[in-house]
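Please read the structure below before turning to the comments.
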Amino acid sequence: MKNKLLLSNEQIDRIIEMAWEDRTPFDAILAQFGLNEKNVIDLMRKELKINSFKLWRERVQGRKTKHGKIRSNNVDRFKCSRQKNISNNKISKR
83 MKNKLLLSNE
93 QIDRIIEMAW
103 EDRTPFDAIL
113 AQFGLNEKNV
123 IDLMRKELKI
133 NSFKLWRERV
143 QGRKTKHGKI
153 RSNNVDRFKC
163 SRQKNISNNK
173 ISKR
């Protein structure tokens, strides 16, 4: 990542979680953390094991829901409707 953003471990974990979620577009990560798609890819490459990164890239490249421009208009949420509500975008305590 060219412009080094100081991200906490919690923020990095949340970005990775959002990147793995099928319904969370890269635009949402950009709006929340200021990282565009290329920055997210660089972060994932740095933080994940090589095989995990390859699996993630294969998964993301075929997802229309990850890319706002090709995303269907009827998908208007970032998470599955059956997922528990997450308040203030923080990971709920287990």
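Quick note on this note's numbering: the sequence shown kicks off at 83 and runs consecutively. Where is the CB? At the ideal position from N, CA and C, for every residue including glycine.
Quick one: grab the DSSP three-state call for residue 125.
helix
Boundaries (first-last residue) of the alpha helix (DSSP H) holding residue 134
132–143
Going by DSSP in three states, residue 112 sits in which element: helix, strand or coil?
helix
Just verifying my parser: in three-state terms, what is the DSSP assignment at residue 103?
coil
Near residue 85, which residues of its chain fall below 7 Å by C-beta distance, leaving aside the five closest residues on each side in sequence?
Confidence is the limiting factor: at residue 85 the pLDDT is only 49, short of 50, which leaves the residue's position unreliable, though a coordinate-based value still follows. None.
Please name the residue, chosen from 96, 147 and 102, that lies closest to residue 135 on a Cα-to-Cα basis.
102
By Cβ distance below 8 Å, which residues in the same chain neighbour residue 118 in space, the five residues on each side in sequence not counted?
108 and 112
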